[in-house]
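In the numbering used here, the protein residues as written are 210 to 445.
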């Protein structure tokens with residue numbers, strides 16, 4: 210058994226995207242880990258079960274076929290997260306209790322600035338998605354363009370003032386500039402149809418290049434990748 214199950218219970222879009230990235234990490238580390246996933250529906254069904262331990266039972270079942278279960282949630286703002294931590298049955302507290310009871314077989318990773326911050330570790334990959342051409346990665350014009358947008362730490366994409374742009378807004382604006390570069394004559398209404406949306410996230414992820422350098426551009430992605438790397442460095 211060399212499986213790791215990924216559970217992103219807030220969004221099935223996130224689940225598909227995270228699993229795609231996980232498979233790229235596995236390939237990069239040249240490991241034989243199989244990536245499995247669960248769904249938002251499965252999570253909702255688990256927490257509705259009587260007795261309050263439905264989620265733990267679901268995780269225990271998954272652990273019969275997987276070495277690890279990794280939960281992923283979008284990190285809230287400081288005030289919102291603090292409030293939810295005070296609510297016993299909030300999403301984050303339900304998961305934290307299961308993690309604490311798992312004897313090191315279950316983990317929770319909080320994604321700062323939402324999943325788009327993971328996509329932004331490779332702006333050239335994003336360009337490849339919108340140009341529909343993998344050759345974009347080696348095109349000097351696109352290399353220069355992507356470099357202008359590439360942030361060193363993508364979990365820090367937010368302005369200091371309240372209401373500043375977060376990673377999702379940053380990616381939407383980047384996508385607009387890519388689309389305009391491809392077709393400068395495009396009208397605003399058509400531009401909006403072609404810009405990034407959450408529906409695109411897993412398809413964008415398919416174009417990303419996962420390397421030590423891109424992984425290091427996001428702290429939560431680095432934390433995520435370590436679970437796969439440990440299995441390669443210390444196979445059982």
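Even for Gly, the Cβ is constructed at its ideal location relative to N, Cα and C.
Residue burial classification, residue i (beta-carbon count within 10 angstroms, cutoff 16)
| i | result |
| --- | --- |
| residue 236 | exposed |
| residue 439 | exposed |
| residue 223 | buried |
| residue 420 | exposed |
| residue 298 | exposed |
| residue 339 | buried |
| residue 387 | buried |
| residue 408 | exposed |
| residue 364 | buried |
| residue 343 | exposed |
| residue 270 | exposed |
| residue 396 | exposed |
| residue 426 | buried |
Distance CB(residue i)-CB(residue j) smaller than 9 Å
| i | j | result |
| --- | --- | --- |
| residue 329 | residue 346 | no |
| residue 410 | residue 225 | yes |
| residue 348 | residue 423 | no |
| residue 227 | residue 319 | no |
| residue 280 | residue 308 | yes |
| residue 384 | residue 284 | no |
| residue 322 | residue 366 | yes |
| residue 212 | residue 242 | yes |
| residue 231 | residue 437 | yes |
| residue 310 | residue 265 | yes |
Element boundaries [alpha helix (DSSP H), containing residue i]
| i | result |
| --- | --- |
| residue 308 | 300-309 |
| residue 253 | 249-257 |
| residue 388 | 376-391 |
| residue 400 | 397-403 |
| residue 360 | Looking at the DSSP string, residue 360 is not in any alpha helix (DSSP H), and its letter there is neither H nor E. |
| residue 425 | Where residue 425 is concerned, there is no enclosing alpha helix (DSSP H), given that its DSSP letter is neither H nor E. |
| residue 263 | 263-271 |
| residue 367 | Run containing residue 367: none; DSSP gives neither H nor E here. |
| residue 237 | 221-237 |
| residue 412 | 410-414 |
Start-to-end residues for the beta strand (DSSP E) that takes in residue i
| i | result |
| --- | --- |
| residue 244 | 243-246 |
| residue 277 | 277-283 |
| residue 215 | 212-216 |
Would you call the segment 339-358 and the segment 301-310 touching, i.e. three or more CB-CB distances under 8 Å?
-> The way I'd put it, the segment 339-358 doesn't touch the segment 301-310; fewer than three beta-carbon pairs between them come closer than 8 Å.
Counting Cβ pairs closer than 8 Å, one from the segment 217-224 and one from the segment 247-263, do we hit at least three?
-> Verdict: yes, contact present.
Counting only runs that start and end within the segment 308-341, where is the alpha helix (DSSP H) found for 4 or more residues in a row?
-> Listed in chain order, the complete alpha helix (DSSP H) runs (minimum 4 residues) inside the segment 308-341 are 325-328, 332-340.
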